[in-house]
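Colleague: Could you have a look at this structure, given as structure tokens, before my questions?
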Amino acid sequence: MRRLYLNLASGYGSPAGDTYPKVLRFIRYGCANRAFYHLTLMNQKSQQKVRAVEQLGSYDTVHNNHSEKLVALNLERIQYWFTRDMKVTRPCLEVLGLAGFLPVHPRTYMRAWRQRRLTKYME
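Residue numbers for the sequence shown follow this note's numbering, so the first one is 1 and each next one is one higher.
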């Protein structure tokens with residue numbers, strides 16, 4: 001059975017001579033109906049459940065008592081890794097766009113447009 005690593009907030013660092021391109025991606029944790037995600041920086045070639053270079057945030061998709069989804073981002077470290085030419089997955093681009101760090105992703109506009117059209121149709 002594979003060991004599931006829970007990434008440290010500070011990360012494990014990148015070993016010397018590591019030349020793989022880095023990618024910012026979500027890693028899913030939690031139970032079947034209670035998922036949450038860690039926003040991690042990993043080597044592009046590595047699988048999801050291996051140790052990450054650095055954990056840069058977390059995202060809780062389940063609404064809390066105030067109907068909010070909780071997001072925590074370390075924007076200083078994300079900005080540092082953007083200068084180091086990292087790649088970003090599409091779901092991470094959407095969250096960073098909603099946070100105001102990047103321009104809003106086009107898929108976010110499309111989702112909002114469809115939701116408005118659906119509520120208008122239901123009335």
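C-beta: ideal position from N, C-alpha, C; glycine also.
For N74, tell me which candidate among A112, L56 and Q48 has the shortest Cα-Cα distance.
Modeller: Closest option to N74, Cα to Cα, is L56.
Colleague: State yes or no: is the C-beta of R84 within less than 9 Å of the C-beta of E54?
Modeller: Contact flag unset, no.
Colleague: K45: which of L24, K69, F82 and F101 sits nearest, CA to CA?
Modeller: Looking at the Cα atoms, L24 is the closest of the given residues.
Colleague: Taking DSSP's pairing of strands, which residues face T40 in a bridge?
Modeller: BP columns for T40 point to R25 and Q55.
Colleague: Between E94, R111 and M110, which has its C-alpha nearest P103's C-alpha?
Modeller: Looking at the Cα atoms, E94 is the closest of the given residues.
Colleague: Should H38 be labelled buried (16 or more other beta-carbon atoms within 10 Å of its own) or exposed?
Modeller: By the 10 Å Cβ count, H38 comes out buried.
Colleague: Strictly by DSSP, which residues pair up with D85?
Modeller: None; D85 has no bridge partner.
Colleague: Give the secondary structure of A72 by DSSP, where H, G and I count as helix, E and B as strand, and everything else as coil.
Modeller: Strand.
Colleague: Buried or exposed, going by whether 16 or more other CB atoms sit within 10 Å of the CB of L118?
Modeller: L118 is exposed by the Cβ-count criterion.
Colleague: Relative to the C-alpha of K49, which candidate in F26, P21 and R107 has its C-alpha closest?
Modeller: Per the Cα distances, F26.
Colleague: With E94 as the anchor, note down where its alpha helix (DSSP H) starts and where it stops.
Modeller: Counting along the chain, the alpha helix (DSSP H) containing E94 begins and ends at R90 to L98.
Colleague: Residues in its own chain within less than 7 Å of T108 by CB, not counting five upstream and five downstream?
Modeller: Cβ neighbours of T108 beyond the five flanking positions: E94, G97 and L98.
Colleague: Between the Cα of K87 and the Cα atoms of E68, M122, M42 and H63, which residue gives the shortest distance?
Modeller: Of E68, M122, M42 and H63, the residue nearest in Cα terms is M42.
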